[in-house]
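Colleague: Structure below; questions to follow.
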Amino acid sequence: MTESVTPVTFPPAFLWGAATSAYQIEGAVREDGRTPSIWDTFSHTPGKTAGGDTGDIAVDHYHRYRDDVAMMADLSLNAYRFSVSWSRVQPTGRGPAVQRGLDFYRRLVDELLAKGIKPAITLYHWDLPQELEDAGGWTERDTAFRFAEYAGIMGEALGDRVEQWITLNEPWCSAFLGYCSGVHAPGRTDQAAALRAAHHLNLAHGLSASALRAVMPARNTVAVSLNSSVVRTVSQDPADLAAARKIDDLANGIFHGPMLHGAYPETLLEATSSITDWSCVQPGDLETIHQPLDALGLNYYTPALVSAASDTDGPRADGHGESSYSPWPGADDVTFHQTPGDRTEMGWTIDPTGLHELIMRYNREAPGLPLYVTENGAAYDDKPDAEGRVHDPERIAYLHGHLSAVRRAIADGADVRGYYLWSLMDNFEWAYGYEKRFGAVYVDYTTLARTPKSSALWYAGAARTGELPPVQD
Numbered sequence: 001m002t003e004s005v006t007p008v009t010f011p012p013a014f015l016w017g018a019a020t021s022a023y024q025i026e027g028a029v030r031e032d033g034r035t036p037s038i039w040d041t042f043s044h045t046p047g048k049t050a051g052g053d054t055g056d057i058a059v060d061h062y063h064r065y066r067d068d069v070a071m072m073a074d075l076s077l078n079a080y081r082f083s084v085s086w087s088r089v090q091p092t093g094r095g096p097a098v099q100r101g102l103d104f105y106r107r108l109v110d111e112l113l114a115k116g117i118k119p120a121i122t123l124y125h126w127d128l129p130q131e132l133e134d135a136g137g138w139t140e141r142d143t144a145f146r147f148a149e150y151a152g153i154m155g156e157a158l159g160d161r162v163e164q165w166i167t168l169n170e171p172w173c174s175a176f177l178g179y180c181s182g183v184h185a186p187g188r189t190d191q192a193a194a195l196r197a198a199h200h201l202n203l204a205h206g207l208s209a210s211a212l213r214a215v216m217p218a219r220n221t222v223a224v225s226l227n228s229s230v231v232r233t234v235s236q237d238p239a240d241l242a243a244a245r246k247i248d249d250l251a252n253g254i255f256h257g258p259m260l261h262g263a264y265p266e267t268l269l270e271a272t273s274s275i276t277d278w279s280c281v282q283p284g285d286l287e288t289i290h291q292p293l294d295a296l297g298l299n300y301y302t303p304a305l306v307s308a309a310s311d312t313d314g315p316r317a318d319g320h321g322e323s324s325y326s327p328w329p330g331a332d333d334v335t336f337h338q339t340p341g342d343r344t345e346m347g348w349t350i351d352p353t354g355l356h357e358l359i360m361r362y363n364r365e366a367p368g369l370p371l372y373v374t375e376n377g378a379a380y381d382d383k384p385d386a387e388g389r390v391h392d393p394e395r396i397a398y399l400h401g402h403l404s405a406v407r408r409a410i411a412d413g414a415d416v417r418g419y420y421l422w423s424l425m426d427n428f429e430w431a432y433g434y435e436k437r438f439g440a441v442y443v444d445y446t447t448l449a450r451t452p453k454s455s456a457l458w459y460a461g462a463a464r465t466g467e468l469p470p471v472q473d
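Shown next, in the form of structure tokens:
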């Protein structure tokens, strides 16, 4: 039975893309001069990832990129967002580039352009060179300057062919899952260190934006991808509203405050004053961070539901992995609740209204700034049938709902110019290893064969026509 819906049609110039990240798909971790990143070290540490899984091979995109790009073309994608492995280009995180590492990305970009697919480069998707972490990582100010140097190298190498550039992917995860809760690399659990890391990531964004613009054509765009949270409260009680404000500051304001407005929220500084004096913010830093953006990337999966903590509260439900340490410094008086509704295999509630809400918020926060949904997708327990086909109707319904929310936001006046499905194909899902499948393309982890799922074919239809196909039961 076909659901009867009004056709949902997108503007002709809308970008229909998919997204990946280097450590999750490339493999070849010891080839052509690449050295370990923090995720190599973390995944090889017993107990840190499900099943002891690592990205050593991942889905072998490093050797199979031509076939993967051909697959993107077959799926009618006109955009592809990928990240660069910093330690493949700059093995120690400083000094001259390794040309063999750069050459891989040159070949990948050339292949994409030959197929009519617009590349979008993310410079940092969590894989800090281990040598920089050994020197203190993102808790050290120098890391931001090393990142700007790396950005300049990439801009010089590919700025003539790649127009869309993203400095950081989800700096919240880098700072708070990596340095506060410890469920992501480098696995540290220090609240003050996490807040310093957040500031240095912000500084890295500002410095790298300047470095890119110094070496690239003026037509190129510089953006950042934020996993900003949609924070809702269980009631309008003043204590619950204060809890939501605290989480909104830690999830959103800590990054978009300096990036978009040139200042950290005063309420954030007050709430964390017992943890840090914010002396890491040096004169001139906020001006450096507050670079004009050409676009803003928004990553969305599920909303957050919070209240003020009480003695009867159960376990936290903030959806950020298993850890005895909270990723929210200074927010011990806040409780997260499971939002109602159907859930994905990650346990995340499916709520497309949150994506509409998020887009419209940033339409107000940064009026006139073009927006992209740079990640959105769902994990399901996908399995091939007897004929080898992979049917995933749940993902089709998820995509239809969220893309419809994007279209509503456009109708409501938001300048949303593209959507990048997470993810192109199944891959290494960080601490969850290979247990969670986000891909529109199924990967057999034994043979590494790729099989487009029914959701990939559905999404190809949308990309080809600019109109969402109907949802099948």
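Residue 462 in UniProt numbering is what sits at position 462 of the sequence shown, and the numbering runs on without skipping anything.
Where a beta carbon is used, it is the ideal one built from N, C-alpha and C, also for glycine.
What is the DSSP secondary structure of Glu375, counted as helix, strand or coil?
Modeller: Here residue 375 refers to the residue found at position 375 when the sequence shown is read from its first residue. Strand.
Colleague: Leaving out five residues before and five after Pro265 in sequence, what residues of the same chain have Cβ atoms less than 7 Å from its Cβ?
Modeller: By 1-based counting over the sequence shown, the position of residue 265 is 265. If we look at Pro265 and ignore the five residues flanking it on each side, its Cβ neighbours are Asp249, Gly253 and Gly257.
Colleague: What are the partner residues of Asn169, as DSSP defines its beta bridges?
Modeller: Taking the first residue of the sequence shown as position 1, residue 169 is located at position 169. Per DSSP, the beta-bridge partners of Asn169 are Ser225.
Colleague: Who are Lys383's beta bridge partners in DSSP?
Modeller: Position 383 of the sequence shown, counted from the first residue, corresponds to residue 383. Per DSSP, none; premise fails for Lys383.
Colleague: Who pairs with Trp422 in a beta bridge, going by DSSP?
Modeller: In the sequence shown, the residue the question calls residue 422 occupies position 422. The partner list for Trp422 (beta bridge, DSSP) reads Ala19.
Colleague: Is the CB-CB distance between Ile166 and Ser225 below 7 Å?
Modeller: Against the sequence shown, residue 166 aligns to sequence position 166. Against the sequence shown, residue 225 aligns to sequence position 225. Yes, these two residues count as a Cβ contact at 7 Å.
Colleague: Applying the criterion that 16 or more other CB atoms from any shown protein chain within 10 Å of the CB defines a buried residue, is Ala22 buried or exposed?
Modeller: The sequence position of residue 22 within the sequence shown is 22, counting from 1. It is buried - the Cβ of Ala22 has at least 16 other Cβ atoms within 10 Å.
Colleague: Candidates Phe42, Gly52 and Ile57: which alpha carbon is nearest Asn427's?
Modeller: Working through the sequence shown from its first residue, we reach residue 427 at position 427. Checking every option, the nearest Cα to that of Asn427 belongs to Ile57.
Colleague: Look up Asp248 in the DSSP assignment and say whether it is helix, strand or coil.
Modeller: As a working mapping, residue 248 is identified with position 248 in the sequence shown. In the displayed model, Asp248 falls within a helix according to three-state DSSP.
Colleague: Excluding sequence positions up to five away, which residues of its chain have a Cβ less than 6 Å from the Cβ of Asp333?
Modeller: Counted from its first residue, the sequence shown places residue 333 at position 333. So the qualifying residues of the chain are Ala309.
Colleague: Just how far apart, CA to CA, sit Phe145 and Ala204?
Modeller: Taking the first residue of the sequence shown as position 1, residue 145 is located at position 145. Taking the first residue of the sequence shown as position 1, residue 204 is located at position 204. Rounded to the nearest angstrom, the two C-alpha atoms are 7 Å apart.
Colleague: Drop a sphere of 10 angstroms on the beta-carbon of Gly116, count the other beta-carbons inside from all chains shown, and report buried for 16 or more, exposed for fewer.
Modeller: Within the sequence shown, residue 116 is the residue found at index 116, counting from 1. The residue in question, Gly116, is exposed, as its Cβ has fewer than 16 Cβ neighbours within 10 Å.
Colleague: So, with DSSP's three-state summary, where would you put Val183?
Modeller: Working through the sequence shown from its first residue, we reach residue 183 at position 183. Of the three classes helix, strand and coil, the one that applies to Val183 here is coil, per DSSP.
Colleague: To the nearest angstrom, how far is it from the Cα of Val69 to the Cα of Arg161?
Modeller: As a working mapping, residue 69 is identified with position 69 in the sequence shown. As a working mapping, residue 161 is identified with position 161 in the sequence shown. Cα-Cα distance, rounded: 16 Å.
Colleague: Just to check my reading of the structure: Trp328 and Ile275 have Cβ atoms closer than 8 Å, yes? What is that Cβ distance to the nearest angstrom?
Modeller: Taking the sequence shown and counting its residues from 1, the one referred to as residue 328 is at position 328. Taking the sequence shown and counting its residues from 1, the one referred to as residue 275 is at position 275. About 11 Å; that fails the 8 Å criterion.
Colleague: So does the stretch 94-101 actually touch the stretch 22-34, counting three or more Cβ pairs closer than 8 Å?
Modeller: yes
Colleague: Take Thr267 as the anchor and find which of Asp294, Asn169 and Ala331 has the nearest alpha-carbon.
Modeller: Your numbering for residue 267 matches position 267 in the sequence shown. It is Ala331.
Colleague: Consult DSSP for Pro315 and reduce its assignment to one of helix, strand or coil.
Modeller: If you number the sequence shown from 1, residue 315 lands on position 315. With a pLDDT of 49 at Pro315, under the threshold of 50, the modelled position of this residue cannot be trusted; read the value that follows with caution. If DSSP states are grouped into helix, strand and coil, Pro315 belongs with coil.
Colleague: Among Ile38, Arg107, Trp39 and Gly93, whose alpha-carbon lies nearest the alpha-carbon of Tyr62?
Modeller: Numbered from 1 along the sequence shown, position 62 holds the residue referred to as residue 62. For the residues Ile38, Arg107, Trp39 and Gly93, the minimum Cα distance to Tyr62 belongs to Arg107.
Colleague: Skipping 5 residues on each side, what residues in its chain have a beta carbon closer than 7 Å to that of Arg81?
Modeller: The count along the sequence shown starts at 1 and reaches residue 81 at position 81. Within the same chain, Arg81 has close Cβ partners Gly17, Ala19, Ala120, Thr122, Thr374 and Tyr420.
Colleague: Determine contact between the stretch 43-54 and the stretch 189-203, defined as no fewer than three beta-carbon pairs at a distance below 8 Å.
Modeller: no
Colleague: Are Trp138 and Ala197 touching if we call contact CB-CB under 7 Å?
Modeller: Sequence index remark: in the sequence shown, residue 138 carries index 138 (1-based). Sequence index remark: in the sequence shown, residue 197 carries index 197 (1-based). It is a contact, given that the beta carbons lie within the stated cut-off.
Colleague: Could you pull out every unbroken beta strand (DSSP E) segment of at least 3 residues lying fully inside the stretch 17-75, listed in chain order?
Modeller: none
Colleague: Pick out whichever of Cys180, Ala431 and Arg417 has its Cα sitting closest to the Cα of Ser326.
Modeller: If you number the sequence shown from 1, residue 326 lands on position 326. Nearest of Cys180, Ala431 and Arg417 to Ser326, Cα basis: Cys180.
Colleague: For the candidate residues Tyr442, Leu241, Ser229 and Gly152, whose alpha-carbon lies nearest to that of Pro217?
Modeller: Reading the sequence shown from its first residue, position 217 is the one you call residue 217. Cα-wise, what sits closest to Pro217 is Gly152.
Colleague: Beta carbon of Tyr300, beta carbon of Trp348: below 7 Å?
Modeller: Start at 1 with the first residue of the sequence shown, and residue 300 comes out as number 300. Start at 1 with the first residue of the sequence shown, and residue 348 comes out as number 348. Going by C-beta atoms, Tyr300 is not nearer than 7 Å to Trp348.
Colleague: Along the chain, where does the beta strand (DSSP E) containing Ile121 start, and where does it finish?
Modeller: Start at 1 with the first residue of the sequence shown, and residue 121 comes out as number 121. Start and end: Lys118 to Tyr124.
Colleague: What residues in its chain sit with their C-beta under 7 Å from that of Val231, if we drop five residues either side in the sequence?
Modeller: Numbered from its first residue, the sequence shown carries residue 231 at position 231. Closer than 7 Å at the Cβ level, and outside the excluded window around Val231, lie Ala244, Ile247, Asp248, Ala251, Ala304 and Val306.
Colleague: By DSSP, does Arg88 sit in helix, in strand, or in coil?
Modeller: Indexing the sequence shown from 1 puts residue 88 at position 88. Arg88 falls in the helix class under three-state DSSP.
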